[in-house]
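Residue numbers for the sequence shown, in the numbering used here: 318 to 530.
To start, the structure itself, in structure tokens.
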Amino acid sequence: MTGDEIGFGEISDVYRNERRSKVLTKLPPHFHERAEEHIQKLRSEHCDALQTPNSPNAMMLWDQVSKAEKRLKLIYDIRERKITLAALDKMVGAQTPDNMARKEKALYEQLVETLQSFRKGAEVVVVKECPAPTVTEVPIPKPEKIIQSEIPKPVPEISNEEGGVTIVHVLEDIPEFAGMNTDYELKKDDIITIPTRFASILSSRGLVRIVPG
């Protein structure tokens, strides 16, 4: 055991606090372990109740198990989203967030390492330095009058970063982060093309939806 038993009320309090805060909240001591012990205890009691035919406690205990597991999963989802955004912020100089549990810190460090590895792989390696070319002044021609209808419309630039690109639908505002060719600042309901690697990470955390194409 890791301490006093936790209850559904405390799990619900943690969920409400986490949902209202933009940053990771401080969890009660050994929260994850105690919450899982609470659910395991309820499961054990439910199994015991099933030994008695038509036991009213069996359905009640199963309902408690379902509610506790659902609330705990929501807490994990919210915190994982915040950790993913914090890892992206780290790429632009942000500080490591506080209030991470041991497993959460391991997840954060793994995400940062993956992003750093991707960035290093995207850097241009200079094999040979050459002097800048000599600039020769040439006469500047007089500007010619251009008819507005002859001006071509600009073609949207599409990033072609290593690993390919993917079209995504942004589900939440995401702080600006750096790619190989450009910086990305994704806003809710944007439909945008981003590197496939970033799309996979953000999609797995529920921040974007990959648009089939």
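We put the beta carbon where it would ideally sit given N, CA and C, even for glycine.
Let me make sure I understand the geometry here. Which of the options has the alpha-carbon closest to that of residue i?
| i | options | result |
| --- | --- | --- |
| residue 404 | 328, 522 and 370 | 522 |
| residue 492 | 503, 428 and 350 | 503 |
| residue 411 | 397, 429 and 484 | 429 |
| residue 482 | 332, 517, 374 and 326 | 517 |
| residue 383 | 506, 325, 498 and 367 | 325 |
| residue 358 | 497, 386 and 519 | 386 |
| residue 380 | 370, 362 and 368 | 362 |
| residue 488 | 519, 414 and 368 | 519 |
Should residue i be labelled buried (16 or more other beta-carbon atoms within 10 Å of its own) or exposed?
| i | result |
| --- | --- |
| residue 278 | With the chain covering 318 to 530 only, the question about residue 278 has no answer from this structure. |
| residue 417 | buried |
| residue 468 | Low local confidence applies: a pLDDT of 46 at residue 468 is under 50, so the model's placement there is unreliable, with the coordinate-based value given in what follows. Flag for residue 468 reads exposed. |
| residue 448 | exposed |
| residue 423 | exposed |
| residue 401 | buried |
| residue 514 | buried |
| residue 419 | exposed |
| residue 396 | buried |
| residue 512 | buried |
| residue 473 | At residue 473, the pLDDT of 43 sits below 50, so the modelled position is not reliable; the number obtained from the coordinates is stated separately. Exposed: under 16 other Cβ atoms inside 10 Å. |
| residue 277 | Because residue 277 is not part of the residues shown, which for the chain are 318 to 530, the question remains open. |
| residue 407 | buried |
| residue 470 | Any reading at residue 470 must be qualified, since the residue scores a pLDDT of 49, below 50, and its modelled position is unreliable; the value itself is stated next. It is exposed - the Cβ of residue 470 has fewer than 16 other Cβ atoms within 10 Å. |
Can you give me the Cβ contacts of residue i inside the same chain, cut-off strictly under 6 Å, excluding the 5 residues immediately before and after it?
| i | result |
| --- | --- |
| residue 486 | 508, 526 and 528 |
| residue 399 | 341 |
Starting from the C-beta of residue i, find all residues in its chain whose C-beta is less than 7 Å away, skip the five residues before and the five after it, and write them out in chain order.
| i | result |
| --- | --- |
| residue 437 | none |
| residue 329 | 388 |
| residue 374 | 366 |
| residue 435 | 514 |
Whose C-beta lies closer than 8 Å to the C-beta of residue i among residues of the same chain, with five residues either side of it excluded?
| i | result |
| --- | --- |
| residue 323 | 345, 348, 351, 352, 354 and 355 |
Does the beta-carbon distance from residue i to residue j come in below 7 Å?
| i | j | result |
| --- | --- | --- |
| residue 392 | residue 335 | yes |
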